[in-house]
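Engineer: Residue numbers (our numbering): 195 to 431.
Okay, here's the structure, questions in a sec.
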Ligand SMILES: NC(=O)c1ccc[n+]([C@@H]2O[C@H](COP(=O)([O-])OP(=O)(O)OC[C@H]3O[C@@H](n4cnc5c(N)ncnc54)[C@H](OP(=O)(O)O)[C@@H]3O)[C@@H](O)[C@H]2O)c1
């Protein structure tokens with residue numbers, strides 16, 4: 195079903211976006227990846243076998259996002275995994291950093307849909323990214339939980355307003371991606387092991403788990419306005 199489709203993945207140079215690019219390429223689609231760092235994009239392209247086109251774009255910059263889509267032209271599917279998130283105690287949190295996180299993860303996805311949707315073919319789809327902290331309250335994630343909830347509800351409304359373009363949202367649980375590379379390795383392993391112990395499926399996720407969810411949403415043309423939880427059952431505990 196994805197044969198010869200044009201799929202744009204903003205955030206495709208790392209983690210979930212990169213895993214999605216790999217899987218979507220195996221289905222015969224043309225894949226365009228975008229993120230801020232040209233270095234990361236080049237590395238990702240090498241990993242993907244040079245079979246993709248890449249663009250450097252900062253999704254939090256509306257002018258850049260508009261110019262990016264003007265360059266890209268017609269698309270069939272848009273996936274937005276781009277985000278840089280952080281956490282910390284609310285009362286001592288840096289409100290400037292939280293604003294920046296909103297710019298990046300919420301406004302970035304807003305701009306991507308605003309300028310990407312008009313280029314989409316009939317039967318196209320948009321997949322946005324929320325996250326488990328919108329559904330499962332976690333200390334230290336106040337701003338991120340609000341961003342993730344905002345993205346989820348944006349997706350539901352847009353599914354109605356942009357139809358027949360389909361709009362869906364994925365809410366990943368704890369997924370082992372480079373997003374936590376700043377965490378010391380021992381602390382990261384301990385965190386993963388603590389979470390895994392509590393989850394019904396007894397492991398944290400990997401980027402490929404979420405990539406399969408993305409392909410399902412791109413492929414199934416009777417699914418719109420949904421939030422797909424790829425989280426090992428995290429919202430149940
Ligand atoms: N991993 C988890 O446990 C988890 C849990 C819940 C939700 N999520 C959500 O899942 C999505 C993907 O996360 P991930 O773990 O795959 O993250 P990741 O490995 O850190 O990848 C993030 C990607 O976004 C790009 N990016 C960041 N800021 C950008 C910007 N302003 N403009 C353009 N590109 C930007 C990064 O590349 P550049 O640095 O080159 O820009 C990178 O390609 C995010 O929405 C994240 O919040 C992840």
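In this text, a Cβ means the ideal position worked out from N, Cα and C, and glycines have one as well.
Should residue 241 be listed as close to ligand 1, given that the test is whether its C-beta is under 7 Å from any heavy atom?
Structural biologist: No, the Cβ of residue 241 stays beyond 7 Å of every heavy atom of ligand 1.
Engineer: In terms of residue numbering, what span does the alpha helix (DSSP H) encompassing residue 194 cover?
Structural biologist: Lying outside 195 to 431, the shown extent of the chain, residue 194 is not represented and no answer is given.
Engineer: Whose CA, out of 389, 397, 369 and 196, lies closest to the CA of residue 271?
Structural biologist: Cα-wise, what sits closest to residue 271 is 196.
Engineer: Can you tell me whether residue 422 is helix, strand or coil according to DSSP?
Structural biologist: Here residue 422 sits in strand by DSSP.
Engineer: Tell me whether the beta-carbon of residue 318 lies closer than 8 Å to the beta-carbon of residue 275.
Structural biologist: No, the pair does not count as a contact, with Cβ atoms beyond the cut-off.
Engineer: Where do the ends of the beta strand (DSSP E) carrying residue 314 lie?
Structural biologist: Where residue 314 is concerned, the enclosing beta strand (DSSP E) stretches over 314 to 323.
Engineer: Ligand 1 and residue 323: does the residue's C-beta get closer than 7 Å to at least one heavy atom of that ligand?
Structural biologist: Under cutoff, so the answer is yes.
Engineer: DSSP three-state call for residue 372: helix, strand or coil?
Structural biologist: Here residue 372 sits in helix by DSSP.
Engineer: Under the criterion of a Cβ to heavy atom distance below 7 Å, does residue 372 qualify as lining ligand 1?
Structural biologist: Under cutoff, so the answer is yes.
Engineer: If you draw a straight line from the alpha carbon of residue 216 to that of residue 298, how long is it in whole angstroms?
Structural biologist: Taking the straight line joining both Cα atoms gives about 24 Å.
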